[in-house]
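If you're matching them up, the sequences are chains A and B in order. The first sequence begins at 85 in the numbering used here and counts up by one. The second sequence begins at 834 in the numbering used here and counts up by one. We put the CB at the ideal spot given by N, CA and C, even for glycine. Bear in mind the structure is a predicted one, so any value in this text is a computation, not a measurement. Below you'll find the structure, written out as structure tokens, and then a few comments.
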Amino acid sequence: MSAALLSSTLGADVNVAQNVAFYIIAAVMVWGAIRVVTTNNVVHGALWLVVVLGGIAAQYILAAAEFVAVSQVLVYIGAVMVLFLFGIMLTRATIGSDTDLNNKGWGIGIPVAAAMLGVLGYVVLDYVGDDVLVDQDEARIAITTQSISDGYLGDYLVPFIALSFVLLAAAIGAIVLARKD
Amino acid sequence: MYAANFLLLSAVLFSIGVFGVIARRNAVMVLMSIELILNSVNLNLIAFALMNDNVDGHIFALFVIAVAAAEVGVGLAMVLMIYRNRRSIALDELSEMKG
Numbered sequence: 085m086s087a088a089l090l091s092s093t094l095g096a097d098v099n100v101a102q103n104v105a106f107y108i109i110a111a112v113m114v115w116g117a118i119r120v121v122t123t124n125n126v127v128h129g130a131l132w133l134v135v136v137l138g139g140i141a142a143q144y145i146l147a148a149a150e151f152v153a154v155s156q157v158l159v160y161i162g163a164v165m166v167l168f169l170f171g172i173m174l175t176r177a178t179i180g181s182d183t184d185l186n187n188k189g190w191g192i193g194i195p196v197a198a199a200m201l202g203v204l205g206y207v208v209l210d211y212v213g214d215d216v217l218v219d220q221d222e223a224r225i226a227i228t229t230q231s232i233s234d235g236y237l238g239d240y241l242v243p244f245i246a247l248s249f250v251l252l253a254a255a256i257g258a259i260v261l262a263r264k265d
Numbered sequence: 834m835y836a837a838n839f840l841l842l843s844a845v846l847f848s849i850g851v852f853g854v855i856a857r858r859n860a861v862m863v864l865m866s867i868e869l870i871l872n873s874v875n876l877n878l879i880a881f882a883l884m885n886d887n888v889d890g891h892i893f894a895l896f897v898i899a900v901a902a903a904e905v906g907v908g909l910a911m912v913l914m915i916y917r918n919r920r921s922i923a924l925d926e927l928s929e930m931k932g
């Protein structure tokens, strides 16, 4: 009853469970992102970043992008976060709260971020308005892992090979930079 | 679900990441804020793929994930090198190249 009422308020094709999951995960993600940029403890910041990245993976699943969601978990939560934690441990003598993590003029970031949010929000609402997304089950027919691989080995083959050279160069560059002479 | 949901969420995450890049003094925290920005862009690409029922957004998102991984690797190597030379990674102290 209440679900039918909610979906009639929101629009004809609105999936209520999907919406509830979206808003819960979005609230957790926004809180985690705010903690990442405001916490006084670098390690806590990295762990809040894990929350945000996991929430992004959950949003990908809500948006019917399972392959990208699994890649996100593998690459970000698996590899990048380990790199970050090693970076923190190798560059800090003490683990704990730090008082000088912010710049002197950090307050100027608030109006800049607010102005950017205002412009982006205005553009998004002006462009899509109250368009309703296609239902997931229809979307899943068109976008599959097979079609992603067809894209990579078809139209996007040259950028894909170029990207593998970028990764190779980055790995070699990181080794050269971090090597002790 | 409204198409604007994903786009507004990623706008909020993008703005928080921009605030972090401006406000933070620690180089590792700035790199984390850059990760927030890249992830919000990825969420946008996935939402566009869903709106247009087209696979290109997923392919671009995977490209962005790979480039972000390379960026973090090189960035943290640079931070480690700066830390070894100066015993500090405060970005406002890096002024050797100032004219």
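Where do the N-terminal and C-terminal ends of the alpha helix (DSSP H) with residue i fall, by residue?
i               : result
A246 of chain A : 241–262
R119 of chain A : 100–122
T175 of chain A : 165–175
L267 of chain A : With chain A covering 85 to 265 only, the question about residue 267 of chain A has no answer from this structure.
Who are residue i's beta bridge partners in DSSP?
i               : result
N186 of chain A : B:R857
Y236 of chain A : Beta-bridge pairing links Y236 of chain A to no other residue.
Y835 of chain B : A:V216
Helix, strand or coil: which one does DSSP assign to residue i?
i               : result
V216 of chain A : strand
M85 of chain A  : Only weak support is given to the placement of M85 of chain A: the predicted model assigns it a pLDDT of 43, under 50, and the value that follows is read from those uncertain coordinates. Correct three-state label for M85 of chain A: coil.
A153 of chain A : helix
A923 of chain B : strand
K931 of chain B : coil
L846 of chain B : helix
T228 of chain A : coil
N875 of chain B : helix
V888 of chain B : coil
D210 of chain A : helix
Of all Cβ atoms in chain A, is any one closer than 8 Å to the Cβ of residue i?
i               : result
S848 of chain B : yes
E868 of chain B : yes
N918 of chain B : no
V874 of chain B : no
F951 of chain B : Absent from the model: residue 951 of chain B. The displayed extent of chain B is 834 to 932, so no value can be given.
F852 of chain B : yes
F839 of chain B : yes
M930 of chain B : no
L913 of chain B : yes
L927 of chain B : no
Give the single residue among the options whose Cα lies nearest to the Cα of residue i.
i               : options                        : result
M113 of chain A : B:A894, B:V845, B:N859         : B:V845
M884 of chain B : A:I145, A:L217, A:G213         : A:L217
V136 of chain A : A:Y107, A:V100, A:V212, A:V120 : A:V120
D184 of chain A : B:M930, B:K931, B:E926         : B:E926
V863 of chain B : A:A163, A:V242, A:G193         : A:G193
I857 of chain B : A:V134, A:N125, A:A111         : For the record, residue 857 of chain B in the displayed sequence is Arg; it is not Ile. Ranking A:V134, A:N125, A:A111 by Cα distance to R857 of chain B puts A:N125 first.
T122 of chain A : B:I849, B:V874, B:N875         : B:I849
L247 of chain A : B:E929, B:A903, B:Y835         : B:A903
F852 of chain B : A:N186, A:I145, A:A111, A:Y144 : A:N186
Y144 of chain A : A:F244, A:I227, A:A258         : A:I227
M834 of chain B : A:V203, A:V164, A:A149, A:D215 : A:D215
V166 of chain A : A:N99, A:A147, A:A130          : A:A130
A901 of chain B : B:H891, B:K931, B:I867, B:F881 : B:I867
I161 of chain A : A:T175, A:W132, A:T229, A:Y240 : A:W132
H891 of chain B : A:A253, A:I232, A:V196         : A:I232
A262 of chain A : B:N918, B:A923, B:E929         : B:N918
S155 of chain A : B:G908, B:I898, B:L909         : B:I898
A153 of chain A : A:D182, A:W190, A:T229         : A:T229
F881 of chain B : A:T175, A:V159, A:V212, A:W190 : A:V212
L869 of chain B : A:G139, A:V104, A:F244         : A:G139
N63 of chain A  : A:A110, A:A117, A:L146, A:V134 : Chain A is shown only over 85 to 265; residue 63 of chain A falls outside these bounds and no answer can be derived.
When the cut-off is 8 Å and only beta carbons count, does residue i lie next to chain B?
i               : result
D265 of chain A : no
T183 of chain A : no
G162 of chain A : no
L145 of chain A : The sequence shown places Ile at residue 145 of chain A, rather than the Leu named in the question. No, I145 of chain A does not count as interfacial toward chain B.
G138 of chain A : no
V121 of chain A : yes
V166 of chain A : no
L241 of chain A : no
M173 of chain A : no
N187 of chain A : yes
D210 of chain A : no
M85 of chain A  : Reliability of the predicted coordinates at M85 of chain A is poor, the pLDDT of 43 falling under 50, and the value obtained from them is presented with this limitation in mind. For M85 of chain A, the answer is no, since every Cβ of chain B falls outside 8 Å of its Cβ.
V112 of chain A : no
Find the residues of chain C that neighbour residue i, judging by a C-beta separation of less than 8 Å, and give them in chain order.
i               : result
L251 of chain A : In the displayed structure, chain C is absent; the protein chains listed are A and B.
Return yes when at least one heavy atom of the ligand FMN lies under 7 Å from the C-beta of residue i, else no.
i               : result
N125 of chain A : Only the bare structure without any ligand can be found here, which leaves the ligand FMN out of the picture.
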